[in-house]
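Position one of the sequence shown corresponds to residue 1059 (the working numbering), numbered consecutively onward. Glycine included, C-beta positions come from ideal geometry on N, C-alpha and C.
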Amino acid sequence: MTDPARPYAGWKDLRRLLAPVTGPDRTGGAGAGGEAAGREAGRAPLTLLLVHHAGGSAAAFAPLVRHLPADWRLLAVDLPGRLMAVGESGCRSTTEVVDWLAPLTRRVLDGPYGVFGHSMGALVAYELARELSRDGLPPLWTGLSGAPAPGHRPDREQRHLWSRERLTRFMRELGGTPEEVLAIPDVVTAMVEALRGDLAVVDTYEEHPGPPLGTPLSLFTGEDDPVAHPALAAPWAGRTTAGTARHSWPGGHFYLYEHTAAVCRTLTRDLATAHDSLLELPS
């Protein structure tokens, strides 16, 4: 049995310092911030699910917390195989990720929700949203950030086969990792192995069979992102039968940390609009 005191993969509550929202046995655990307030008001809180980039973790979304509505339930996932999810094997494809993540997500959902993913997280968010939609649990809205549309990746190189040194250079080139962190050999080794597994998810990605989303989609990009500039992300619009909004900011792959407040304002507006549209539907 997993020691309850140890970190493990799963959904984490950003408002409670990344506290787990399901127990190690996946049957229940700490509640999420905003949940009690929503229930006292006679309605379930609006939940935002956040899926991290390759080599990242739930903590990558901590800078967003103070810029998002205080009454939203903010759940970020730690996928298996990273620094804060020790002792669990990582996933090597989006199929493995969704098969692992969908049951956990069904357990934490309690009312309307949206899902947002950055880079690798965008691929996972899209396929998770489709899987939950097939189960009759569609999100109100899906936000995809820093990811080229399926079939539009600039190269098809298998980066998960690169050497440790090359993957370290890759992390440095993309930005988002402080130099002081890259100067700690043991930390770099753990980060590289997490990145290697996550890049296998990205580099082997093939869109899952099935219908497109039936709910609104928002695309978030960095204007100078070599991995997913706006033109590479634009074809995502064909993956929903609802509307698609496109948003772009100056910067590279981690543009969202340079424009956190503006990105969160846009995200809040798009998800709130989708939520308001639901409330306006006739009962």
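The alpha helix (DSSP H) spanning G1139 covers which residue range?
Premise fails: G1139 is in no alpha helix (DSSP H) and is neither H nor E.
Runs of 4 residues minimum, wholly inside the stretch 1178-1219: which ones carry the alpha helix (DSSP H) assignment?
Those alpha helix (DSSP H) runs which fall completely within the stretch 1178-1219 and span 4+ residues are 1178-1192.
G1089 to H1266, Cα distance in whole Å?
Because the pLDDT of G1089 is 44, which lies under 50, any placement of that residue in the model is unreliable, and the question is left without a value.
Taking the continuous beta strand (DSSP E) assigned at F1174, which residues delimit it?
Y1171 to H1176 is the extent of the beta strand (DSSP E) around F1174.
Using the rule of at least 16 other Cβ atoms within 10 Å of the residue's Cβ for burial, across every protein chain shown, is Y1315 buried or exposed?
It counts as exposed.
Suppose the cutoff is 7 Å on Cβ atoms and the five residues either side in sequence are ignored; what does the same chain contact list for C1322 look like?
Closer than 7 Å at Cβ, skipping near neighbours: L1122, H1125 and L1126.
Nearest to A1258 by alpha carbon, out of W1220, G1068 and L1275?
Nearest of W1220, G1068 and L1275 to A1258, Cα basis: W1220.
Jot down the residue ranges of each uninterrupted beta strand (DSSP E) in the stretch 1295-1321, minimum 3 residues, whole runs only, in chain order.
Segments of the beta strand (DSSP E) lying fully in the stretch 1295-1321: 1302-1307.
Can the beta-carbon of L1181 be found closer than 8 Å to that of V1260?
Against a cut-off of 8 Å, the Cβ pair of V1260 and L1181 comes out as a contact.
Using the Cα positions of T1262 and R1211, report the straight-line distance between them to the nearest angstrom.
Answer to the nearest angstrom: the Cα atoms are 11 Å apart.
Indicate whether L1325 and R1297 have their beta-carbon atoms separated by less than 8 Å.
No. Outside cutoff.
Might you give, ordered along the chain, the residues of its own chain that have their beta carbon closer than 8 Å to the beta carbon of A1241, omitting 5 neighbours on each side?
Contacts found: none.
Cβ-heavy atom distance between W1220 and the ligand SAH below 7 Å?
Looking for the ligand SAH in the displayed structure turns up nothing, as the structure carries no ligands at all.
Between T1318, M1249, R1254 and A1134, which lies nearest to S1151 when the distance is taken from Cα to Cα?
For the residues T1318, M1249, R1254 and A1134, the minimum Cα distance to S1151 belongs to R1254.
What's the gap between the Cα of S1177 and the Cα of P1284?
Rounded to whole angstroms, S1177 to P1284 spans 12 Å at the Cα level.
Note the first and the last residue of the continuous alpha helix (DSSP H) segment covering G1255.
Taken as a continuous stretch (DSSP letters only), the alpha helix (DSSP H) holding G1255 covers P1243 to D1261.
Rounded to whole angstroms, what's the CA-CA distance from P1288 to G1148? Just pull it up for me.
If I take the Cα positions, the gap works out to 30 Å.
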